[in-house]
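Note sheet for the following structure.
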Amino acid sequence: MRNIHAWIGCLMITLTFTFGVMSAKADWLQWRGPNGNGVAADGEKPPTFWSPTKNVIWKSPVPGRGHSSPIVVGDRVILTTADEGTQEQSVHCFNRKTGKPMWKLAVSRGGFHKKIHNKNTHASPTPASDGKLIYALFPHHGDVQLIALDLDGNSQWQINVGGYKPQKYTFGYAASPTLFKDMVIVASEYEQGFIAAFDKSNGKERWRVPRVNNISWSSPIVKHIAGKDQLLITGADKFNSYDANDGKLLWSVPCITRATCGTAVWDNGVVFGSGGYPKSETVAIKADGSGKIVWRNREKAYEQSMLAHDDHLYAVTDRGFAFCWNAATGKEMWKGRLGGAVSASPILAGGHIYATNERGNQFVIKADPAKFQLVAQNQLGTEGFATPTITGHQLFIRTATTTAGKRQEWLYCIGEQ
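So the sequence shown is numbered by numbering that gives the first Met the number 0: it starts at 0 and just counts up by one.
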């Protein structure tokens, strides 16, 4: 009997450990998800059909206005927002199972930029987490503030990472932080811009690279490609790669356009970028430092990031067209019209691409290069700018509804009921 009890105890410990590891792997901890490329963890199968009354696990009001995506850390769903009336920027946490607010931390008050783009907000960067701490970025008083807080909403440290004072394009700040090893990496792209890395534990600066006259809104991302830890970013008519360990330039290829917003993606040693303004271009580049452009076309995913999956590149453009190209050759496999302007980035899970337009329509497309297949068109709210999050077979969607001139943001948890 004692042996049976011991065996059961060991089994419970093993199961607890196993499910704990699985849960951590399934968490959506930063912009573009667990792999940094907009693709959900293997095995994720969220619903393809929903409505305000179907497959809604919960719905919770979100104060203020923001276009940051929610991140999911264990039993917590975290996002940032900004109250334009009081000029307060804050981090909010919701219970993952119920949607009930767990805590709020006001980070700053006042100092909002007087002019930003009408499609931007004062809380557009998506926070990031290593599972222990949360890192959030906010622009105010002409600077960029980086704050680290624990999972209970207690501030651990807060620093001014540098300025953000654009003179020509006063469209507001947008780049999300990315995590690499023991560092938080931040980009501030304007006339006197920079990329810098900070110690996750205390905010101490580790390295800084000037990015002069880089008028852009793209978020940096790190991927180990061609034997190197490459920090990838586009903008200023270039596709650049830096060594994520020390910030040294690895390679730079003239291409794309001056202003970009999307985050780079990769596949089989090739990296992909798109933009923007004033030119339109999507490009594929060998990431080995050779500078070889594999292919390019005249389409643009300006505000959106793309998806590289199973040897194909998928994109949704500003005008609401979905594309699939062969990643190796650039051959167009299909083009489909979704309808309506698009700002949010598509994400992929369970063989489906989830894309949202600015009117709050959520499109589900089969990730099949053979032909364009629109699986479903769903509607939540009347506004959709934030990119959804997928984890635990659930979608977390930030949207907004305007009724009788009053705007209210909502956070939805969508799952099979």
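We treat Cβ as the ideally placed atom computed from N, Cα and C, and that holds for glycine.
CA-to-CA, the gap between residue 312 and residue 350 works out to about 14 Å.
Note that the region 34-48 does not touch the region 228-239; fewer than 3 beta-carbon pairs, one per stretch, sit closer than 8 Å.
Under the Cβ criterion (8 Å, minimum of three pairs), the region 88-103 does not count as touching the region 198-213. Take residue 74, set aside five residues on each side of it, and the residues of its chain with a beta-carbon closer than 8 Å to its own are 94, 95 and 96, in chain order. Residue 403 sits in coil when the DSSP states are folded into three classes, being neither helix nor strand. Unbroken beta strand (DSSP E) stretches of 3 residues or longer found wholly inside the region 57-135: 70-72, 75-82, 87-94 and 100-108, given in chain order.
DSSP, reduced to helix, strand and coil, places residue 25 within a helical segment of the structure shown. With a cutoff of 7 Å on beta-carbon distance, residue 293 and residue 286 are scored as not near each other. Checking the DSSP bridge columns, you'll see residue 274 partnered with 280.
Of the other Cβ atoms in all chains shown, fewer than 16 fall within 10 Å of the Cβ of residue 372; this residue is therefore exposed. Closest option to residue 211, judged by alpha-carbon separation, among 257, 251 and 192: 192. DSSP places residue 205 inside the beta strand (DSSP E), whose first and last residues are 204-211.
Judged by their CB atoms, residue 189 and residue 165 are nearer to each other than the 7 Å cut-off. Taking residue 106 as reference, the option from 239, 281, 361 and 135 with the minimal CA-CA separation is 135. For residue 191, the enclosing beta strand (DSSP E) has its first and last residue at 191-198. When secondary structure is reduced to three states using DSSP, residue 253 falls in the strand class. If you compare the alpha carbons of 237, 186, 375 and 398 with that of residue 386, the shortest gap goes to 398. DSSP, read as helix, strand or coil, puts residue 307 in strand. Per the DSSP secondary-structure output, residue 351 pairs in a beta bridge with 348 and 365. Using a Cβ distance threshold of 7 Å, residue 272 and residue 238 count as a contacting pair. Secondary structure at residue 318: coil, using DSSP grouped into helix, strand and coil.
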